[in-house]
Amino acid sequence: MSKKQKPNLDHIRHSLAHLLAAAVLELYPDTKLGIGPTIEYGFYYDFKFSKKFTEDDLPKLEELMRGYIQDGLLFSGKKITSAEARKIFKTQPFKLDLIKEFINEKAQLTAYATGTIFRDLCRGGHINSTEEIDPRAFKLTHLAGAYWRGDENNDQLTRIYGLAFHTKQELNDHLAMLEEAKKRDHKKLGRELDLFTFSELVGSGLPLWTPKGTILRNLLDVFVWELRKQHGYERVEIPHIAKKELYEASGHWKKFSEELFKIKTREGHEFAMKPMNCPHHTQIFARRQWSYREMPQRYANTTMCYRDEQSGELSGISRARSFTQDDAHVFCRKDQIKREVLNIWDIVDEFYKACGFPLEVHLSLHDPKELKRYLGSPAIWTEAERAMKQLAKERGIKPIIDIGEAAFYGPKIDFIAKDALGRSWQVATIQLDMNQPKRFGLTYINEQGKQEQVFMIHAAIMGSIERFLSVFIEHTAGKFPVWVAPVQVAILPISEQFELYAHEVHKTLVKHDIRVEEKLATETLGKRIRGAELERIPYILVVGEKEQKVGSVNVRHYKDGTLGEQSISSFLKKIQEEISRRT
Numbered sequence: 371m372s373k374k375q376k377p378n379l380d381h382i383r384h385s386l387a388h389l390l391a392a393a394v395l396e397l398y399p400d401t402k403l404g405i406g407p408t409i410e411y412g413f414y415y416d417f418k419f420s421k422k423f424t425e426d427d428l429p430k431l432e433e434l435m436r437g438y439i440q441d442g443l444l445f446s447g448k449k450i451t452s453a454e455a456r457k458i459f460k461t462q463p464f465k466l467d468l469i470k471e472f473i474n475e476k477a478q479l480t481a482y483a484t485g486t487i488f489r490d491l492c493r494g495g496h497i498n499s500t501e502e503i504d505p506r507a508f509k510l511t512h513l514a515g516a517y518w519r520g521d522e523n524n525d526q527l528t529r530i531y532g533l534a535f536h537t538k539q540e541l542n543d544h545l546a547m548l549e550e551a552k553k554r555d556h557k558k559l560g561r562e563l564d565l566f567t568f569s570e571l572v573g574s575g576l577p578l579w580t581p582k583g584t585i586l587r588n589l590l591d592v593f594v595w596e597l598r599k600q601h602g603y604e605r606v607e608i609p610h611i612a613k614k615e616l617y618e619a620s621g622h623w624k625k626f627s628e629e630l631f632k633i634k635t636r637e638g639h640e641f642a643m644k645p646m647n648c649p650h651h652t653q654i655f656a657r658r659q660w661s662y663r664e665m666p667q668r669y670a671n672t673t674m675c676y677r678d679e680q681s682g683e684l685s686g687i688s689r690a691r692s693f694t695q696d697d698a699h700v701f702c703r704k705d706q707i708k709r710e711v712l713n714i715w716d717i718v719d720e721f722y723k724a725c726g727f728p729l730e731v732h733l734s735l736h737d738p739k740e741l742k743r744y745l746g747s748p749a750i751w752t753e754a755e756r757a758m759k760q761l762a763k764e765r766g767i768k769p770i771i772d773i774g775e776a777a778f779y780g781p782k783i784d785f786i787a788k789d790a791l792g793r794s795w796q797v798a799t800i801q802l803d804m805n806q807p808k809r810f811g812l813t814y815i816n817e818q819g820k821q822e823q824v825f826m827i828h829a830a831i832m833g834s835i836e837r838f839l840s841v842f843i844e845h846t847a848g849k850f851p852v853w854v855a856p857v858q859v860a861i862l863p864i865s866e867q868f869e870l871y872a873h874e875v876h877k878t879l880v881k882h883d884i885r886v887e888e889k890l891a892t893e894t895l896g897k898r899i900r901g902a903e904l905e906r907i908p909y910i911l912v913v914g915e916k917e918q919k920v921g922s923v924n925v926r927h928y929k930d931g932t933l934g935e936q937s938i939s940s941f942l943k944k945i946q947e948e949i950s951r952r953t
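Numbering-wise (the working numbering), the sequence shown opens with residue 371 and increments by one.
Dropping the structure here:
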C-alpha cells in the first residue's frame with residue numbers, strides 16, 4: 371500500500387473488533403465470545419461475561435487496545451479443518467455453535483490471528499498491521515443487550531459498540547453529530563412538542579397521538595392524497611383483521627408467522643391482525659372480472675398495520691408494533707407498468723421536495739443464492755427485475771443496486787432520504803409484484819377475450835407514517851415547514867391591556883384557516899416569547915399599543931428572527947403564500 375493510500379476503513383473496524391475481544395479476554399479470561407462484525411461508522415462485539423460489566427469499564431479496554439496498536443501486531447489468516455477449529459475454540463460454546471453451522475453448510479473455516487495475543491473464527495477482511503490504525507480515531511461508546519443469534523430463547527449477551535474512522539478529526543466530527551442527534555431525538559422532541567405519547571396500560575410500541583401530532587399526521591397524509599388524486603387513485607377501506615387463509619394464500623403466514631398478532635375466535639377460527647394491506651386489496655380487485663379497457667385499477671388506503679416486534683427492537687415511533695401506512699396498490703396490464711411507476715415516482719419527488727429531503731435511488735433485487743426467501747420462479751424474478759431496471763433507465767437514474775434487499779414477492783425501487791445530519795433513511799418504495807396476482811388468480815379479459823394475469827404495483831410514499839415522522843422530526847429538529855406545523859402562529863399581547871386586540875387578530879387569522887394560539891399576559895413577554903420558540907411555532911406576533919393603533923403586528927420568525935412590523939393583511943398574504951407553496 372502506498373503512503374498516500376488510506377487503509378480500508380471496513381478492515382480497520384473489523385480489526386478493532388478483534389482488538390476489543392483480545393482486550394476483554396486479557397481482563398476477563400472466562401468471557402465467552404459471540405460475534406464481532408463491522409457496522410456503519412464502527413463495530414461491535416458480543417460477550418457473555420462471568421462477572422458484572424458496565425460502561426465504566428470501557429476506558430480500561432480502550433487503553434489496552436491502544437497498547438496493542440502501538441505494538442504493531444500483524445493480522446494473518448489461515449484455513450483450518452473442523453477438527454482444528456473445535457480444538458482452538460473448545461472453551462468457546464458460541465464459536466462451537468458457529469463451527470457446527472459452517473460444517474453443515476460445507477463452508478471453509480478460517481481463523482485470523484492478531485499477533486500472538488488473539489485468534490478468532492473469521493472470514494477475514496483485515497488490515498495488515500495495527501500500525502495502520504490511528505489510536506486516537508476510535509472510541510468505545512456504549513453497551514446493549516443482545517440475544518445469541520437474535521433469539522430470545524438463547525443466552526443474553528453484552529454487546530460493546532465502538533466507533534472508528536481514519537482520523538481523530540473524523541471521529542470528533544461524528545461525535546459532534548451524535549450530540550446534535552441527541553438534541554433532535556424524536557422521542558425527546560415528540561414529548562417536548564406534545565406530538566405523541568405512550569402508556570404502559572396500552573402497551574409498549576403502541577403510540578398515542580395528541581391533537582397536535584394528529585394535525586401533523588393528517589396534513590402529510592392529505593398532501594399525499596392530493597398528489598395521488600391527480601393520477602386517478604380511488605380510496606378504499608379494509609378491516610384490521612383477516613382469516614388465516616388470506617395470509618396463507620399471500621405467503622405472509624409462512625414467511626412472517628412469528629411477526630403476526632394471531633387471534634382465535636370463540637368458534638375456533640384463526641385470524642390475524644393485518645401486518646400489511648396488499649392481501650386485502652387483492653380481494654377488492656377480485657370482486658369481479660375486469661376488461662382491459664378498465665385497467666388500471668388504483669387503490670389508496672391510509673390504515674394501521676400491526677407486527678409483533680420484540681420488545682428490544684422497539685424504538686419510539688421509528689419501530690413500533692402499530693404503524694400507519696399511506697398504502698396504494700395499482701392493478702394493471704403489462705404495457706401500463708412504465709406509466710404507472712413513473713407517475714408514482716413523480717409523486718415521491720414532489721412530496722420529498724416539499725419536506726426538504728434530497729433523495730437517493732436504490733434498486734433492491736433478490737439474491738439468486740437464497741431463492742427459498744422469495745415467492746415465485748426465477749423466470750418471474752428475471753422479468754420483474756428487468757422491467758424495474760428499464761424504468762430507472764427511462765427516468766435517467768443510475769440506481770444503487772442492493773442484492774438481497776427485494777421484498778419476498780418482488781423487486782423494489784427504494785428511495786433513501788438524507789437528513790440534516792447527513793444520515794440516510796429508507797423512506798418511499800415502489801414494488802413490482804407478479805407473485806401475489808398469480809397466487810390469488812387476479813386476471814382481466816384482454817383484447818382477444820382471454821383471461822390474462824394482472825401486474826400489481828405496491829406504492830408507499832411515506833411508508834410507515836410513524837417512521838417517516840421520526841425522521842422528519844429529527845431532520846427539522848421540530849421546526850416544521852409552516853404548511854405542516856401543528857401551530858403556525860402564536861399571538862402575544864404585551865400586557866392584559868392589549869388582549870382584546872390579540873383576540874381580534876386571532877379571529878382574523880383563524881377565519882383564513884391559519885392555526886393560531888394566543889399566549890396571554892400571565893407571564894413576562896420575554897418568557898412567553900421563549901416558550902413559543904421552544905414550541906417551534908413558526909411565527910410569533912407581538913401586539914401592543916403601537917400595533918393596536920394602526921392595525922398591525924410585530925413579526926418574529928423561528929428561523930429568520932425579527933421581521934418587524936407588518937399590517938395584518940400583508941402578514942396574512944405572506945403566510946398564505948408560504949402555505950400554498952408548501953415551502
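Positions of the beta carbon are idealized from the N, C-alpha and C atoms, including for glycine.
By DSSP, does residue i sit in helix, in strand, or in coil?
i    : result
N805 : helix
F727 : coil
M665 : coil
F693 : strand
T635 : coil
C702 : strand
K943 : helix
S922 : strand
L563 : coil
M435 : helix
S372 : The pLDDT assigned to S372 is 46, lower than 50, so where the model puts this residue is not dependable; a value taken from the coordinates is nonetheless given after this. Here S372 sits in coil by DSSP.
I884 : coil
Y890 : The question names Tyr, yet the displayed sequence has Leu at residue 890. Three-state result, L890: coil.
M646 : coil
E640 : strand
Y517 : strand
Q600 : coil
N498 : coil
Express the C-alpha separation of residue j and residue i in angstroms, rounding to a whole number.
i    : j    : result
K552 : L890 : 32 angstroms
Q600 : V594 : 10 angstroms
K418 : L513 : 12 angstroms
Y517 : I405 : 11 angstroms
R837 : S688 : 4 angstroms
Q526 : A483 : 27 angstroms
Y928 : F868 : 23 angstroms
G780 : C702 : 15 angstroms
I750 : R663 : 25 angstroms
S620 : R809 : 7 angstroms
M826 : T694 : 21 angstroms
P863 : G583 : 27 angstroms
S834 : D591 : 11 angstroms
Y871 : V711 : 53 angstroms
S327 : Q440 : Outside the displayed span of the chain (371 to 953) sits residue 327, for which this structure offers no information.
R952 : L586 : 14 angstroms
Run the CB neighbour count on residue i, radius 10 Å, all protein chains shown included, and call it buried at 16 or more, exposed below.
i    : result
D490 : buried
H699 : buried
T537 : exposed
N647 : buried
H639 : exposed
V920 : exposed
S372 : Unreliable positioning characterises S372 in this predicted model, as indicated by a pLDDT of 46, which lies under 50. A coordinate reading is not provided.
P908 : buried
D697 : buried
I'd like to know if residue i contacts chain B, where contact means its C-beta is closer than 8 angstroms to some C-beta of that chain.
i    : result
K599 : In the displayed structure, chain B is absent; only one protein chain is listed.
Would you be able to state if there are at least three C-beta pairs under 8 angstroms between the segment 499-513 and the segment 381-399? In short, these stretches touch, since the Cβ pair count reaches three.
The segment 828-847 contacting the segment 545-563, beta-carbon criterion three pairs below 8 angstroms: Yes: at least three Cβ pairs fall under 8 angstroms.
May I have a chain-ordered list of the beta strand (DSSP E) segments no shorter than 3 residues that lie completely inside the segment 738-824? With a minimum length of 3 residues, the continuous beta strand (DSSP E) runs that stay inside the segment 738-824 are 770-773, 782-788, 794-803, 813-815 and 821-823.
Touch check for the segment 705-712 and the segment 636-656: three-plus C-beta pairs under 8 angstroms? No: fewer than three Cβ pairs fall under 8 angstroms.
The segment 765-777 / the segment 725-745 touching (three or more Cβ pairs under 8 angstroms): Because the criterion of three Cβ pairs below 8 angstroms is met, the segment 765-777 and the segment 725-745 touch.
Quick check: the segment 742-760 against the segment 787-806, are at least 3 beta-carbon pairs closer than 8 angstroms? Yes, the segment 787-806 touches the segment 742-760.
Going residue by residue through the segment 411-464, where are the continuous alpha helix (DSSP H) segments of at least 4 residues, counting only ones entirely within it? Counting only unbroken stretches of 4 or more residues, the alpha helix (DSSP H) elements lying wholly within the segment 411-464 are 428-440 and 452-458, in sequence order.
Which runs of the beta strand (DSSP E) at least 3 residues long sit entirely within the segment 829-864? Give them in chain order. Counting only runs of 3 or more, we get 859-863.
In chain order, which continuous runs of the beta strand (DSSP E) of length 3 or greater are located wholly inside the segment 519-550? Listed in chain order, the complete beta strand (DSSP E) runs (minimum 3 residues) inside the segment 519-550 are 526-534.
Say whether the segment 451-459 touches the segment 468-481, bearing in mind that this needs 3 or more beta-carbon pairs closer than 8 angstroms, one atom from each stretch. Contact holds: three or more Cβ-Cβ distances are below 8 angstroms.
When you compare the segment 846-855 with the segment 901-918, are there three or more beta-carbon pairs, one atom per stretch, that lie closer than 8 angstroms? The segment 846-855 vs the segment 901-918: in contact.
The segment 674-684 in contact with the segment 810-826 per 3-pair CB rule at 8 angstroms: No: the two stretches stay apart, fewer than three of their Cβ pairs being nearer than 8 angstroms.
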